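Residue numbers (the numbering used here): 2 to 248. By construction, the Cβ of each residue, glycine as well, lies at the ideal position given by its N, Cα and C atoms. It should be emphasised that the depicted structure is a prediction, and the values quoted were computed from it without experimental measurement. Report on the structure given below.
As structure tokens, then:
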């Protein structure tokens, strides 16, 4: 009896472990949907926030030093891709007479006549991730400088107000806490900005025009092309009218 109870409990425990592993795997997959690839972390915003701190760790051999991200290490590009940088020079963090932003640097690398960088998919994903991360970090630093000393009612924000759940909720309604994620695709500020651009394009006179182009084929009937264009434009117009009615 005791052996049966032990075997049953161990079986139940194993089933729970398998179920939790499956759930965590599904959660990881769902969190990665917002990005174009699975090579980036699920929460790039949190990774950027982890770089903005002044804590000091008293652990040897890094005693009395600030932790440094791997991507902030000098020469990380040459160390990651030694094939493209055999001499270890002319990387993104090198001092130049004319300063280049990291976005313009990677743009020049990928659009160069020498296409060895553009052919390397790992380098493309590395440059995309590093550009987005630097954009988030710069926006975080701007958000940290932007203080919100007054509430919605015009009162000065105090420690007691931050401890109150209702007043804290009102402060977060301004979305100042997540505006730094605007350049990252798939985040709420990104889609909010895209939605505003679409509404501005629809409402601004004159009305927007849609053009459908297709390679001409001599053996194709022109009537079919006209019917297809009319069908697509009618569906698009119905969507625009429904959006206008909602707003």
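Let me check understanding here. Comparing Cα to Cα, which of 114, 98, 118 lies closest to residue 107?
When each option's Cα is compared against that of residue 107, the closest is 118.
Keeping to the same chain, check which residues put their C-beta closer than 6 angstroms to that of residue 78; ignore five residues upstream and five downstream.
Only 92, 93 meet the Cβ criterion.
Name the residue from 70, 105, 82 whose alpha carbon lies nearest to the alpha carbon of residue 138.
Taking only the C-alpha atoms, the option nearest residue 138 is 70.
For the alpha helix (DSSP H) holding residue 120, just list the boundary residues, first then last.
117 to 120 is the span of the alpha helix (DSSP H), which, as asked, contains residue 120.
If residue 85 sits next to residue 130, beta carbons under 8 angstroms apart, how far is it from one beta carbon to the other, in whole angstroms?
Not really, about 17 angstroms apart at Cβ, beyond 8 angstroms.
Give the secondary structure of residue 100 by DSSP, where H, G and I count as helix, E and B as strand, and everything else as coil.
The answer is coil: DSSP assigns residue 100 none of H, G, I, E or B.
DSSP three-state call for residue 70: helix, strand or coil?
Coil.
Going by DSSP, what residue range makes up the alpha helix (DSSP H) through residue 90?
Premise fails: residue 90 is in no alpha helix (DSSP H) and is neither H nor E.
Rounded to whole angstroms, how far is the Cβ of residue 250 from the Cβ of residue 103, which I believe are closer than 8 angstroms?
Past the boundaries of the shown model lies residue 250; the chain is included only from 2 to 248, so the question cannot be answered.
When the Cα atoms are used, what is the spatial distance from residue 243 to residue 205?
Each residue's Cα considered, the two are about 17 angstroms apart.
Can you grab the Cα-Cα spacing for the pair residue 249 / residue 95, in whole Å?
Residue 249 lies beyond the residue range present for the chain, which begins at 2 and ends at 248; the question has no answer from this structure.
Considering only their Cβ atoms, is the gap separating residue 195 from residue 183 smaller than 8 angstroms?
No, Cβ-Cβ distance for residue 183 and residue 195 is not below 8 angstroms.
Take the Cβ of residue 128 as the centre, count every other Cβ of all protein chains shown within 10 Å, and call the residue buried at 16 or more, exposed below.
When all chains shown are included, residue 128 counts as buried.
In chain order, what residues of the same chain have a beta carbon less than 8 angstroms from the beta carbon of residue 252, not counting five sequence neighbours either side?
The structure shown has nothing for residue 252, since the chain only spans 2 to 248.
By how many angstroms is the C-alpha of residue 186 removed from the C-alpha of residue 233?
Approximately 27 angstroms between the Cα atoms of the pair.
Counting along the chain, where does the alpha helix (DSSP H) carrying residue 112 start and finish?
Segment: none, residue 112 is in no alpha helix (DSSP H) and carries neither H nor E.
When you compare only the Cα positions, how much space is there between residue 229 and residue 112?
One C-alpha to the other measures close to 37 angstroms.
Work out the CA separation of residue 241 and residue 200 for me, nearest whole Å.
One C-alpha to the other measures close to 10 angstroms.
If you reduce the DSSP assignment to three classes, tell me which class residue 232 lands in.
The answer is helix: DSSP assigns residue 232 an H, G or I state.
Looking at the structure shown, is residue 188 part of a helix, part of a strand, or coil, going by DSSP?
Coil.
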